[in-house]
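Under the numbering used here, the first residue of the sequence shown carries the number 1, and numbering increases by one thereafter.
Even for Gly, the Cβ is constructed at its ideal location relative to N, Cα and C.
Below is one structure, written out as structure tokens, with a few remarks after it.
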Amino acid sequence: MPFGKQICAFARIVALLLAGGALWAQGSTNPFDIVREPEAEALVVVPVTGNPFDIIPRAGSTQPLAIAEPAPAPAEKVAEKLTTSASRDDFRQFIFFLVLDGFVLFTILFLMFGSWLGKAWQGVRNPQLLHLLYREWNGRVRLPMWVWYAFFAYGLSSVIFLVALSWGWLPADRPPWQLWGLMFGGVALWLLARHLLLWLVRVVFHSEALRYYNFTIATFHSLLGV
């Protein structure tokens, strides 16, 4: 066989082998089919609010985010909160009027019986002046001392009320004026019981010193109430 025919036969064999490899690589698919590109993930545009705790959804997620709504508060708890806030407002208003009334009463009493208060202050520092004041008290000049003594009961009951309120010892379901009235009544009963006991002892033993001691206690408490 001539050499040129051998080369042509070899070229044909190589061409057939290359064509068969290409067909095997494509398989049974049509080489002229249009192949679609994979879908790109959808871009999610999230508005910038400046809140670092905002929830940003993932790209490509189509399901909405399930945000748990807060459970409604029970009616009893809501009513309890309203009652507590209302009671706090009542206590604040009562404390304001309690302090205001104390200043008004002190001003009125000082204008009416301020002279007796000055004598009592001097009598505490000087026993002779206290004896002179005691003689005036025996001479039926007793109204100024009892008025200042009642103001002492007012101030002491107010202090006890404020201390008990600051420590949380007062019930919130009762009106504040009623609680203060109970404390004022308790203080008044305690003072009255003590003076009544001293009076009974003085009557039994006929002691004038107990009468003077009773007057001294009332005078000192009147100054302490200021």
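Assigned secondary structure, residue i (DSSP; H/G/I helix, E/B strand, else coil)
i      : result
PRO176 : helix
HIS195 : helix
GLY139 : coil
LEU129 : helix
PHE97  : helix
HIS221 : helix
ALA22  : Any answer about ALA22 is weak, because its pLDDT of 47 lies below 50 and its placement is not dependable; what the coordinates show is given next. In the structure shown, ALA22 sits in a helix (DSSP, three-state: H, G or I).
GLY182 : It is worth fixing the name first, because residue 182 is Leu in this sequence and not Gly. In this structure, LEU182 counts as helix in the three-state DSSP scheme.
TRP116 : helix
PRO144 : helix
VAL226 : coil
SER207 : coil
LEU170 : coil
Residue i vs residue j beta-carbon contact at 8 Å
i      : j      : result
PHE152 : LEU105 : no
LEU170 : LEU179 : yes
LEU98  : SER166 : no
TRP148 : LEU192 : no
LEU224 : TRP121 : no
SER87  : ALA172 : yes
Buried/exposed call for residue i, threshold 16 Cβ in 10 Å
i      : result
PRO227 : Because residue 227 is not part of the residues shown, which for the chain are 1 to 226, the question remains open.
TRP177 : exposed
TRP146 : exposed
SER207 : exposed
THR219 : buried
GLY139 : exposed
ALA25  : Only weak support exists for where ALA25 lies, its pLDDT of 45 falling under 50; the value from the coordinates is given anyway. Burial call: exposed.
LEU200 : exposed
GLY181 : exposed
PRO144 : buried
LEU111 : exposed
GLY123 : buried
TRP190 : exposed
Exercise for review: Say whether the stretch 209 to 217 touches the stretch 180 to 188, bearing in mind that this needs 3 or more beta-carbon pairs closer than 8 Å, one atom from each stretch.
Suggested key: Counting Cβ pairs under 8 Å, fewer than three are found: no touch.
Check your understanding: Should the stretch 105 to 121 be called in touch with the stretch 131 to 149, which here means at least 3 C-beta pairs below 8 Å?
Key -> Three or more Cβ pairs closer than 8 Å define a contact, and the stretch 105 to 121 meets that threshold against the stretch 131 to 149.
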